[in-house]
Structure formats: structure tokens, C-alpha cells
Amino acid sequence: MSNILRGLDISTLTHQSLKDMGNQLFNSCQYNEAVQCYTHAITQQPNISSYYSNRALCYIQMQDYSKVLSDCRKAIDLDQNNLKAHFFAGQAHLGLNQYEEALTRLVHAHNLALEQHRNFGDDITSVIRLARKKRFEAMDEDRKKEEISLQVYLNNLIMEDAARQKQVILSKLSGINGSLPNVEPTKNVSIDLLSAEDNNFENISPKYQEILSKIDNTAQKYISELNELFCKFNPFINSCFFWLPYQPKSLLPNYILGL
1 MSNILRGLDI STLTHQSLKD MGNQLFNSCQ YNEAVQCYTH AITQQPNISS YYSNRALCYI
61 QMQDYSKVLS DCRKAIDLDQ NNLKAHFFAG QAHLGLNQYE EALTRLVHAH NLALEQHRNF
121 GDDITSVIRL ARKKRFEAMD EDRKKEEISL QVYLNNLIME DAARQKQVIL SKLSGINGSL
181 PNVEPTKNVS IDLLSAEDNN FENISPKYQE ILSKIDNTAQ KYISELNELF CKFNPFINSC
241 FFWLPYQPKS LLPNYILGL
């Protein structure tokens, strides 16, 4: 327990004294003790908005973001113009990776600061820039994952089509079918597996060997061209579906970050 609280019966103090003591403890980085003081102040006087936002700031330092949001909601219910409550709520949403909610609160706090002619320097705007940057990074990561999924899907379509064509030919050669029927694409069969299956037919004529080889070569050509196309439009992806290293965030244009 803090030296300030030791030996004190804080239940006998006024809510104003408890608030002042909480501020002193916060400035000494004694956040748990500060929370106790603000909580006792709230118990005595539950309708003062700033007590909740003061306690919310302690919870920010403790990274207990759910409690930050709870206190900020109460503070805003009591006073819609509690600028700090909006700002702290924005920081909590940012800590929870809830970037849209964070920006809504932070921009509102910035607008309140302008309306109230209060100068917070770069405190609010710097957090807004950080939230926009993190939102961009999250959206960019989602986009990359979607492009990877699309690239893999298209590659699989090419491979399945090649497998279907080869299966038709192999079925004819094995005597299962006497013609080349329309069959459904083979699921989850790689070109390499079907190529291995070709070896079971020792007497495949050069004509059919050439056809099978052409199917393989054409499929690989389409896959190569497809992957090159993805690389052309997204330099972060290589032909093997792996991400290349990110560009330094300092190279991201300011207009993307909303600066």
C-alpha cells in the first residue's frame, strides 16, 4: 500500500480529497492505489463525470481496456462534452485493435478540443495518425490474404482442369471408355500424381505421351503466367504464394494514412 494511504481511513475523506489524492497517486505511477481513491470518490459522489474519466486513465496505464470503456461510457453519459472520456475511449479501442471505433472517438475528442478552445498540442492528433496507420495496415493485411486465397484457388482450378483432361485420356487407354466423354473435374488430384499414374501404362503410344506432356506443359505455363500477373500487381507476393517483406511503414504515403 502507498505511504499516502497507509494509516488513513479513506472512507472518512471527502470525495474532493479522494480525487486529489488519486491524482497525486497517479502522478507517482501508483495506479492501483489511485483507482481505489477514485472508486471511493465515485461511491460518495457517483454523478461527477471526471471521476470516471480519471479512473479510466489509470486503467489505460494498466492496459485494462474493458474497464476503460466502461468508465468512459459512464463519464460520457454524465457529460457528453467530457473530452478526456472520448479521448481515453479512443485509446482503449485502439488497444483492442478496434480501429473504426477508435477513430470515431478520437476525431470526436479532437473536434471537442477545437470547440472548447483547448490546446492539447499533438497529443490527440498523434493518436489519430497512429489509429489511421494501424487501420490501413490491418486493411492491407486482409487484402493480401484475400489475394493469396484467390491466387491459390485459381492455381487449383488450372491443376484440376489438367487432371480432368489427363484422366479422360487415361480412362480411354485403360479401356474404361471408348470415347472422350465429358466428366467432372477431378477433386484434389495433382498433375504430378496423374503423371506418376501414366507410368502404369507401358504401351502408351508416342502420340498420347505427347498429348499428356502437352497438358502438363500448358498447365504449368498458365500457372506461371497467373503468378507473374499477381506479382505484377502486388509486389508483396511472389509466385510461391509467400509474402515478401513489408515495405517500411515510413514509406507509406501520407494521404493513405490520412495525415
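No gaps in the numbering here: position 239 of the sequence shown is 239 in UniProt numbering, and each next residue is one more. All C-beta atoms in this analysis are idealised placements derived from N, C-alpha and C, irrespective of residue type, glycine included. The structure presented is a predicted model; accordingly, all values stated were derived computationally and were not measured.
How would you write the range of the alpha helix (DSSP H) that residue i sits in, first residue to last?
i, result
"residue 136", "123 to 173"
"residue 88", "83 to 95"
"residue 17", "15 to 27"
"residue 39", "31 to 44"
Taking its Cβ as the centre, do 16 or more other Cβ atoms sit within 10 Å of residue i, making it buried, or is it exposed?
i, result
"residue 22", "buried"
"residue 168", "buried"
"residue 139", "exposed"
"residue 143", "exposed"
"residue 152", "exposed"
"residue 114", "exposed"
"residue 186", "At residue 186, the pLDDT of 43 sits below 50, so the modelled position is not reliable; the number obtained from the coordinates is stated separately. That one is buried."
"residue 123", "exposed"
"residue 118", "exposed"
"residue 49", "buried"
"residue 82", "buried"
"residue 74", "buried"
If you reduce the DSSP assignment to three classes, tell me which class residue i lands in.
i, result
"residue 118", "coil"
"residue 62", "coil"
"residue 57", "helix"
"residue 211", "helix"
"residue 205", "coil"
"residue 71", "helix"
"residue 47", "coil"
"residue 273", "Given that the chain is displayed from residue 1 to residue 259, the structure contains no residue 273 and the question cannot be resolved."
"residue 77", "helix"
"residue 229", "helix"
"residue 8", "coil"
Looking at residue i: is its Cβ nearer than 9 Å to the Cβ of residue j?
i, j, result
"residue 25", "residue 40", "no"
"residue 68", "residue 92", "yes"
"residue 125", "residue 108", "no"
"residue 52", "residue 13", "no"
"residue 212", "residue 172", "no"
"residue 10", "residue 36", "yes"
"residue 204", "residue 155", "no"
Using a threshold of 8 Å, is the CB atom of residue i nearer than that to any non-hydrogen atom of the ligand FAD?
i, result
"residue 213", "This structure lacks the ligand FAD; in fact it carries no ligand of any kind."
**Message:** Does the stretch 79 to 93 come into contact with the stretch 46 to 66, if we say contact requires no fewer than three beta-carbon pairs (one atom in each stretch) closer than 8 Å?
**Reply:** Between the stretch 79 to 93 and the stretch 46 to 66 there are three or more C-beta pairs closer than 8 Å, enough to call the two in contact.
**Inter-stretch contact (C-beta, 8 Å, three-pair minimum) for the stretch 128 to 139 and the stretch 153 to 167** = The stretch 128 to 139 makes no contact with the stretch 153 to 167, as fewer than three CB pairs between them are under 8 Å.
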